[in-house]
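Asks: Would you mind keeping the following structure in view while I ask a few things?
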Amino acid sequence: MKLKASLGCLRSAILAGLSAACLAGCEVFNGPLSTFIIRSDFARDSYRLFRYTFIWDCIILLTVLVPMVLALFWLTPRTGPQEQEHVEGTSWLEAAWTITPALILISMAIPTIRLTFQNQPPTPPPGALRVRVIGHQWWWEFQYPEYHLTTPDELHIPAGRTVYFDLESADVIHGFWAPQLGGKRDAIPGHVNHIVLTPEKPGEYYGECTQYCGLSHANMRFRVYVDTPENFAAWVKQQQSAPATAAGNDPKVEAGAAVFAAAPCVTCHTIEGVSKGYIGPNLSHIGSHQTLAGSILSNTPENMAKWIRNPEEVKPGAQMPALGLDPVQIDYLVAYLESLK
Amino acid sequence: MAVAVPKEVVKARENYLTEGGLLSWLVTVDHKRIGVMYGLTSLAFMGLAGFEALAMRIQLAQPNNHFLSADLYNQFFTMHGTTMIFLVIMPLGLGFFGNIAMPLQIGARDVAFPRLNALSYWIFLFGALFMYSSFLFGGLPDAGWFGYANLTERFFTPGSREDFWAIGLLILGISSILGALNFFVTIVNMRAPGMTFMRMPIFVWNILVASVLVLVAFPPLTVGLVFLVMDRFLGTHFYSTVAGATPILWQHLFWLFGHPEVYILALPAFGIISEVIPCFSRKPLFGYAAMAYATALIGFISYGVWGHHMFATGMGPIADAAFALSTMAIAIPTGIKVYSWVATLWRGNFVWTTSFLYALAFVVQFTLGGLTGVMHAQPPIDLQQTGSYFIVAHFHYVLGGGSLFAFLAGLYYWWPKMTGRMMNEKLGRINFWLTCIGFNMTFFPMHFLGLGGMPRRIYTYGAGLHWDFWNMFCTIGAFVMATGILFLLIAMVESLTRGPEAPADPWDGRTLEWSIPSPPPVYNFAEIPHVHSKDAFWEMKYGNNPGHKVPEVAAEHEAGHVPHIHVPAPSMFPILLAAGLALCGIGAVAWLRITLVGLLIVYLAIVGIGFEYPTYGEHPSKERGDDIYPLDSRKVGMWTFIGSESLFFASLIGTYMAYKGRDLIGPTAKEILEIPLTSFSTFVLLMSSLLMVLALAGFERGDIKAGRNWLFATAGLGCIFLGGQAYEFNKFYHEGVTLQHNLFGQTFYTLVGFHGLHVLLGVIWLLTLAFASFKDMVPKKRALAVEFGGLYWHFVDIVWIVIFSLVYLMDKVTGA
Ligand code: HEM
Ligand SMILES: [Cu+2]
Ligand SMILES: [Cu+2]
Chain A
52 MKLKASLGCL
62 RSAILAGLSA
72 ACLAGCEVFN
82 GPLSTFIIRS
92 DFARDSYRLF
102 RYTFIWDCII
112 LLTVLVPMVL
122 ALFWLTPRTG
132 PQEQEHVEGT
142 SWLEAAWTIT
152 PALILISMAI
162 PTIRLTFQNQ
172 PPTPPPGALR
182 VRVIGHQWWW
192 EFQYPEYHLT
202 TPDELHIPAG
212 RTVYFDLESA
222 DVIHGFWAPQ
232 LGGKRDAIPG
242 HVNHIVLTPE
252 KPGEYYGECT
262 QYCGLSHANM
272 RFRVYVDTPE
282 NFAAWVKQQQ
292 SAPATAAGND
302 PKVEAGAAVF
312 AAAPCVTCHT
322 IEGVSKGYIG
332 PNLSHIGSHQ
342 TLAGSILSNT
352 PENMAKWIRN
362 PEEVKPGAQM
372 PALGLDPVQI
382 DYLVAYLESL
392 K
Chain B
8 MAVAVPKEVV
18 KARENYLTEG
28 GLLSWLVTVD
38 HKRIGVMYGL
48 TSLAFMGLAG
58 FEALAMRIQL
68 AQPNNHFLSA
78 DLYNQFFTMH
88 GTTMIFLVIM
98 PLGLGFFGNI
108 AMPLQIGARD
118 VAFPRLNALS
128 YWIFLFGALF
138 MYSSFLFGGL
148 PDAGWFGYAN
158 LTERFFTPGS
168 REDFWAIGLL
178 ILGISSILGA
188 LNFFVTIVNM
198 RAPGMTFMRM
208 PIFVWNILVA
218 SVLVLVAFPP
228 LTVGLVFLVM
238 DRFLGTHFYS
248 TVAGATPILW
258 QHLFWLFGHP
268 EVYILALPAF
278 GIISEVIPCF
288 SRKPLFGYAA
298 MAYATALIGF
308 ISYGVWGHHM
318 FATGMGPIAD
328 AAFALSTMAI
338 AIPTGIKVYS
348 WVATLWRGNF
358 VWTTSFLYAL
368 AFVVQFTLGG
378 LTGVMHAQPP
388 IDLQQTGSYF
398 IVAHFHYVLG
408 GGSLFAFLAG
418 LYYWWPKMTG
428 RMMNEKLGRI
438 NFWLTCIGFN
448 MTFFPMHFLG
458 LGGMPRRIYT
468 YGAGLHWDFW
478 NMFCTIGAFV
488 MATGILFLLI
498 AMVESLTRGP
508 EAPADPWDGR
518 TLEWSIPSPP
528 PVYNFAEIPH
538 VHSKDAFWEM
548 KYGNNPGHKV
558 PEVAAEHEAG
568 HVPHIHVPAP
578 SMFPILLAAG
588 LALCGIGAVA
598 WLRITLVGLL
608 IVYLAIVGIG
618 FEYPTYGEHP
628 SKERGDDIYP
638 LDSRKVGMWT
648 FIGSESLFFA
658 SLIGTYMAYK
668 GRDLIGPTAK
678 EILEIPLTSF
688 STFVLLMSSL
698 LMVLALAGFE
708 RGDIKAGRNW
718 LFATAGLGCI
728 FLGGQAYEFN
738 KFYHEGVTLQ
748 HNLFGQTFYT
758 LVGFHGLHVL
768 LGVIWLLTLA
778 FASFKDMVPK
788 KRALAVEFGG
798 LYWHFVDIVW
808 IVIFSLVYLM
818 DKVTGA
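Just so you know, the protein sequences line up as chains A and B, in that order. Position 133 of the first sequence, counted from 1, bears residue number 184 in the numbering used here, the numbering being contiguous throughout. Position 173 of the second sequence, counted from 1, bears residue number 180 in the numbering used here, the numbering being contiguous throughout.
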């Protein structure tokens, strides 16, 4: 009785555990970086080919496993000596397992080659939006030659319009990958690579660097915002206008602007109308960003202050030095930067 | 009728393990001892790499974890990968199993060049220690096991970490090349009489092809590393964009090595599995011939697939498609192997040993790794997978679940032969199940993580990416696996201390190593066996009559009756030479004068090896037992060496050609090279080859004096050639073309300079011979020593003709 109950208990516990594990396990495919969430034509091409190959892989695996299991546990009487078989090769079998895989491989090779060419058009498709992507240790810079815009770490593109990326690097090799929008390509110094894709659905997408690029390779992430065409146009307009600071009405912001202008910030950062540094990210509209520092922090005043106080602590090896500002100065500075919408 | 071989050969009173004291291991040249040393060293490094892996897994168990710093994590994954590839799997496959099993399987008393074998081991050990010693000087290397340029340039990776990595790999490469050359010659030339290629045990086939791959694959790596070292030490720009070069060059050179390397790691494993499965299924290997051809084919194709590591670098659709096709093609011979193993199992009569279990797990896990490999072969899929944990899962399935599992199968299989003790099967079971379950727990979920977008080589990740569950799971799995490996150690110690004594043939084996005592006597075979079929020992035991045991025949060489057999004498020069080489490396990172001392030691040790045996250089003698072999091993060895050297020059020339015309500033070849002067020195060098022929003729006639004089004359012409080169370099230098000036400068000086270095070595070689002849050390019967010097000299001349035509003449002709 008691045993039965506890057994029942155990069973339900195991079942609950298993289903929880299953749920937790499958969650991995629902993450913001999952390759199974398809949001562009490029990603769809990859996924379809993956699915096709995956099915064949399963079948091939079975053709190995089933005979193995049969041979090991079913065919052989496991007692008594077995006659030494002198079959050392059967030509029809050997022909079969040479030719069949070859045919399967050919059936994979045809779409592979078609897509390989299709995904790498020799020239940008007409009407495509061109975006220059420049990898830096350890952040991303996005330039829109068409709109004369530069923005760090957060890329905005309109849904439904083909985007033609030009990938470059300012230092070492990086890899540009936003899984839901499609495959990666490396950003290589002295070499321009391309990705062509058409985003399908507005939303926020995650991206990351996929080529080991030194100490903070793990901290080189980015976001892609696919906007509706209207929102995109509005975003462009906002970015093109000079940063709207509230300097006039907020003394804290005003003081922050003064700190920025006097501190070494200006040697590396651009704020339109204020400074022209180009080593670090353009901060003209940093207040409108969702994330900071290679998209590893969400953009809150605390995080901003933390970063400015000691970048090294947030991102090991960060190329921005700690500037030795006092907490009050940092407070002003944060207020100023957050006001740059 | 087969040679009568006793089923249970009486234990030799002195076996290879017991003879001599502990110090004798330092000077040993016995392939079995060298194999044991390789095995122990690799095992120790596996512990180290495993420790690094566990630390990484703890760090990754949770998002935003702080167990390891970014810096330490990067050092650990770099050294974990480098160690597992270069210090564990490769030396286990070739150095350990190759030495332990291969010579016994072909019925040889040792490898072709026993001292070279010891040398390979010592260079391997010192190279490995050298690389890890960077730990004491500011940290371990941290640019990844494939060390992508331009991150490895000094500007991006200052300090000496990466110097240790690059120079360490150069040293290890020498060890690999020498070891492979040795095995290649051994297998080609020293098989027992009657053992044709198609009667060779399949393991030997795999070692043969893997050795060829090492000889072919390491020269491009060496060249790539030389460029890296030059960039870091001499300020050249082979991999940086400053002078118009591209970091992609490194990727081509590295993967031109790297993919064949994957098969260097896998082929010995295939070989072991092809021995273990038939043995414990009590059936011959299915499709022996197809297996042998598949092995060779895999080796061949593996040289044309390197681009599949570079689909994300933007090679363009044509190259992408070509590499996709060649990579998919390699799946076919691999499939043949897998299906042949399965067919071998079909209706087998199984003996469920631990070794067999490991072999079965290998087949499944390797197949899984192979199937994901087919996905990476297709660029559209690969672009979603490369650089992610999917790749980490893939290569751990082929290398860990594949090669490592096969090596564990092999370890259990040959352990009784090697140590003379049986392993405890119970401990073996625990070891197997924990390792197997732990392995799959660790690495199977990495497929999910990769598809879920987790990049590899990240020391941390944010929360909310849905990766937490499986990462924790993987970490737990890693500890299960580590516990399993712990049981391997326990089982080994238990066997050595308490294990029952092993009979000569515990598994009722099929190949020759089981025909001799366990552990084998120093000389292996009292009598070199004659082979009449494949599975030679099986045939000796059972004849051609399946299931019918031939009545046992009493041993002719019963206890006490030990025949007088010549075995190679121990030598102290290998360890000395390797130490000298390590000093060269230390000098490069510390104080250049140490390098000079190292070079001196290397030179003296080489001379020592050359003249150590009074009979060296004589034609094979009956007394040494070499006369039963069809060729002179030393000649085969020399030609093999020259073949590998040509590939070294091919890589240098390839780089020169690839960078030609990419210069940002002049002057380049067209403007600066002078044909008349170089034509003259070319003529001088060609004449020297002629004199070399005369010198050799002199020694062969026994006219030492004439021979010596011609040698001096040859070396003299060599010096004139070098003088011409020095003059030319000096002139260019003053015209502003320094090593760092432009691409032309660096590729030209490197190519021509390396050739010059070879001429210099040749001159030293010839002078050494000439001076030795004063002491009567090069008598007529040792003219072979001069012949080798001559071969080398002619080779260097031929290389010069190629360089002269490609670098000097072509531009003048086509560019006019
Ligand atoms: C206990 C067993 C093992 C564990 C837990 C383990 C774990 C790991 C981890 C965590 C990484 C780093 C992945 C990354 O950050 O990208 C890694 C990389 C690697 N592992 Fe293992 N590993 C194990 C065994 C092996 C074996 C047997 C091999 C066989 C050769 C191997 C070869 C490699 C290589 C080549 C790398 C890549 C290093 C690099 O990216 O430069 N590992 N492993
Ligand atoms: Cu990066
Ligand atoms: Cu490969």
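Ideal Cβ placement from N, Cα and C applies to all residues, glycine included.
Would you list the residues sitting across from Trp-129/B in a DSSP beta bridge?
Replies: DSSP lists no partner for Trp-129/B.
Asks: Per DSSP, His-245/A is paired with what?
Replies: Asp-217/A
Asks: Among all the DSSP beta bridges, which residues are the ones paired with Cys-319/A?
Replies: Answer by DSSP bridge pairing: none, since Cys-319/A is not bridged.
Asks: Just to confirm before moving on: does the CB-CB distance between Ala-597/B and Phe-133/B stay below 8 Å?
Replies: No, the pair does not count as a contact, with Cβ atoms beyond the cut-off.
Asks: Quickly, what does DSSP pair Glu-197/A with across the bridge? List them, please.
Replies: Note: Glu-197/A sits in no beta bridge, so no partner.
Asks: Which residues in the same chain as Arg-239/B place their Cβ atom closer than 8 Å to its Cβ, once the five residues preceding and following it in sequence are excluded?
Replies: Thr-159, Glu-160, Arg-161, Glu-169, Asp-170 and Ala-173
Asks: Please return the same chain residues whose Cβ sits closer than 7 Å to the Cβ of Ser-31/B, not counting the five positions on each side in sequence.
Replies: Pro-577
Asks: Nearest-angstrom Cα distance between Val-310/A and Ala-369/A?
Replies: 22 Å
Asks: Under 8 Å, Cβ to Cβ, is there at least one residue of chain A near Pro-324/B?
Replies: yes
Asks: Between which two residues does the alpha helix (DSSP H) holding Leu-206/A run?
Replies: No alpha helix (DSSP H) contains Leu-206/A, which is instead part of the beta strand (DSSP E) from 205-209.
Asks: His-473/B versus chain A: which residues are under 7 Å apart at the beta carbon?
Replies: Going along chain A in sequence order, the residues near His-473/B (Cβ under 7 Å) are Glu-78, Val-79, Asn-81 and Gly-82.
Asks: Pop quiz: Gly-166/B and Gly-145/B are said to be a contact at Cβ under 8 Å. What is the actual Cβ separation, rounded to whole angstroms?
Replies: Indeed, because the Cβ distance is near 5 Å, the residues count as touching under 8 Å.
Asks: Would you say Gln-188/A and Cys-264/A are within 8 Å of each other, going by their C-beta atoms?
Replies: yes
Asks: To the nearest angstrom, report how far apart Phe-795/B and Pro-786/B are at their CA atoms.
Replies: Approximately 15 Å between the Cα atoms of the pair.
Asks: Output, in chain order, the set of chain A residues within a Cβ distance shorter than 7 Å of Asn-81/B.
Replies: The CB of Asn-81/B comes closer than 7 Å to the CB of Leu-266 in chain A, given here in chain order.
Asks: Using 7 Å as the cut-off, classify the Cβ of Met-271/A as near or not near the heavy atoms of ligand 2, replying yes or no.
Replies: yes
Asks: Specify the secondary structure class of Glu-681/B as computed by DSSP and reduced to three states.
Replies: coil
Asks: Applying the 10 Å Cβ sphere with the 16-neighbour rule, what's the burial state of Thr-318/A?
Replies: exposed
Asks: Quick check: is the beta carbon of Pro-132/A nearer than 8 Å to any beta carbon in chain B?
Replies: Here Pro-132/A scores only 41 on pLDDT, less than 50, and its place in the model should not be relied on; the value that follows carries that caveat. Interface residue, yes.
Asks: Helix, strand or coil, according to DSSP, for Lys-392/A in the structure here?
Replies: coil
Asks: Going by the CB atoms, is the gap between Leu-215/B and Ile-194/B shorter than 8 Å?
Replies: Yes, they are a contact pair.
Asks: Going straight from the alpha carbon of Leu-774/B to that of Asn-716/B, what length do you get?
Replies: Rounded to the nearest angstrom, the two C-alpha atoms are 10 Å apart.
Asks: Going by DSSP in three states, Ile-810/B sits in which element: helix, strand or coil?
Replies: helix
Asks: Going by C-alpha distance, which of Leu-698/B, Leu-697/B, Gly-714/B and Met-699/B is nearest Gly-705/B?
Replies: Gly-714/B
Asks: Could you tell me the distance, in whole angstroms, from the CA atom of Phe-451/B to the CA atom of Ala-338/B?
Replies: 21 Å
Asks: Report the neighbours of Ile-339/B on chain A: residues whose CB is nearer than 8 Å to its CB, in chain order.
Replies: Thr-149, Pro-152, Ala-153 and Leu-156
Asks: Which whole runs of the alpha helix (DSSP H) in the region 109-194 of chain A are 4 residues long or more, in chain order?
Replies: 142-169
Asks: For a contact defined as C-beta to C-beta under 8 Å, what are the partners of Gly-484/B on chain A?
Replies: Near Gly-484/B there are no residues of chain A at all, since even the closest Cβ is about 14 Å away, more than 8 Å.
Asks: Roughly how many whole angstroms lie between the Cα atoms of Arg-99/A and Phe-163/B?
Replies: For the pair Arg-99/A and Phe-163/B, the Cα-to-Cα distance works out to about 40 Å.
Asks: With a cut-off of 6 Å, give the chain-ordered residues whose Cβ is closer than this to any heavy atom of ligand 3.
Replies: Spelled out in chain order, the answer is His-266/B, Val-269/B, Val-312/B, His-315/B and His-316/B.
Asks: Does any residue of chain B bring its CB to less than 8 Å from the CB of Asn-244/A?
Replies: yes
Asks: Secondary structure at Pro-536/B, three-state DSSP: helix, strand or coil?
Replies: coil
Asks: Any heavy atom of ligand 2 closer than 7 Å to the Cβ of His-242/A?
Replies: no
Asks: Is DSSP giving Thr-35/B helix, strand or coil here?
Replies: coil
Asks: Expressed to the nearest angstrom, what Euclidean distance is found between the alpha-carbon atoms of Trp-477/B and Tyr-756/B?
Replies: Taking the straight line from one Cα to the other gives about 53 Å.
Asks: Should Phe-216/A be flagged as near chain B, meaning a C-beta pair shorter than 8 Å?
Replies: no
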